[in-house]
Every structure is written in structure tokens, then in C-alpha cells.
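Worksheet for the structure shown next.
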Amino acid sequence: MLLRLDTTDSRPLHEQVAGAIRRAIAEGECAPGDRLPPARDLSRALGVNANTVLRGLRALRDEGVLEFRRGRGVTVAQAADQRAQLLERARQLVADAAHLGYSKNDLIEMLRGLS
Numbered sequence: 024m025l026l027r028l029d030t031t032d033s034r035p036l037h038e039q040v041a042g043a044i045r046r047a048i049a050e051g052e053c054a055p056g057d058r059l060p061p062a063r064d065l066s067r068a069l070g071v072n073a074n075t076v077l078r079g080l081r082a083l084r085d086e087g088v089l090e091f092r093r094g095r096g097v098t099v100a101q102a103a104d105q106r107a108q109l110l111e112r113a114r115q116l117v118a119d120a121a122h123l124g125y126s127k128n129d130l131i132e133m134l135r136g137l138s
């Protein structure tokens, strides 16, 4: 798995780590059930602190994209690729709305109007 961080990105590093893993899953580099490299290896490859990587991994676990299993490490959850794609599109929608001057609440109201 080849991950890269964008040095010009203003987001916190742990969010960039999570985003890079989401992209890897969405692009098929990691499939459901695949094990991720240990956080220490990822931190060396990305040039960030291991705690930063762990924070990004925990965020993905909380989103249901990754599973932590004692003795087995971190694995990609079943259907994570679909969830990761949907979450990435939702994040982009929020960013686009903010760029146009809409708040998250404005966006929620728009979405409610669609149903």
C-alpha cells in the first residue's frame, strides 16, 4: 500500500492519514479483510509520528472502515470500500457547500428537502 500526504494540505495530519487510507481502499489497493501494515511502519513511510497514525486509524475504526483485532492487527472492514467512498463524497460535499457560503446546517436542510 502506497500512501502519500500532501504537504500543502491544511488539514491536521491524522485526518490526512485517514484520508490517504480511505483513498487506498476506494481505489482498490486494500480490499475488505486485508491487513494494514503496523502503525509504526506506516508512520515511518509517511514521515509522521506513530501516535498521529494511530489517531487516524482510530477515526477510521470509529467510522466502521477498519477493524482492530487483538493478535491480528488492523484489517479493512467488510463493505469498507463503499463506505469509504460515500464518506469521501460527503466530505467533499460539505467542503463545496462551505466554499459557496453554506453552513453544515444549511446543507442538512437541503438534504432533508430531497427526501
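The sequence shown: position 95 = 118 (our numbering), numbered continuously.
Backbone N, C-alpha and C define an ideal beta-carbon position, used for all residues, glycine too.
Please read all numbers here as calculations on a predicted model, not as lab measurements.
- Here Leu26 carries a coil assignment [DSSP, helix/strand/coil].
- By the 16-neighbour rule on beta-carbons within 10 angstroms, Leu80 is buried.
- The criterion of a C-beta distance shorter than 8 angstroms is satisfied by Asp57 and Val99.
- Between the stretch 115 to 128 and the stretch 67 to 80, the count of Cβ pairs shorter than 8 angstroms is below three; the stretches do not touch.
- Here Ala102 is exposed. Its C-beta has fewer than 16 other C-beta atoms within 10 Å.
- With a 10 Å radius around the Cβ and a threshold of 16 neighbouring Cβ atoms, Gln105 comes out exposed.
- Cα atoms of Gly87 and Val40: separation of roughly 16 angstroms, rounded to the nearest angstrom.
- Residue environment analysis places Arg27 among the exposed positions, since fewer than 16 neighbouring C-beta atoms fall within 10 angstroms of its C-beta.
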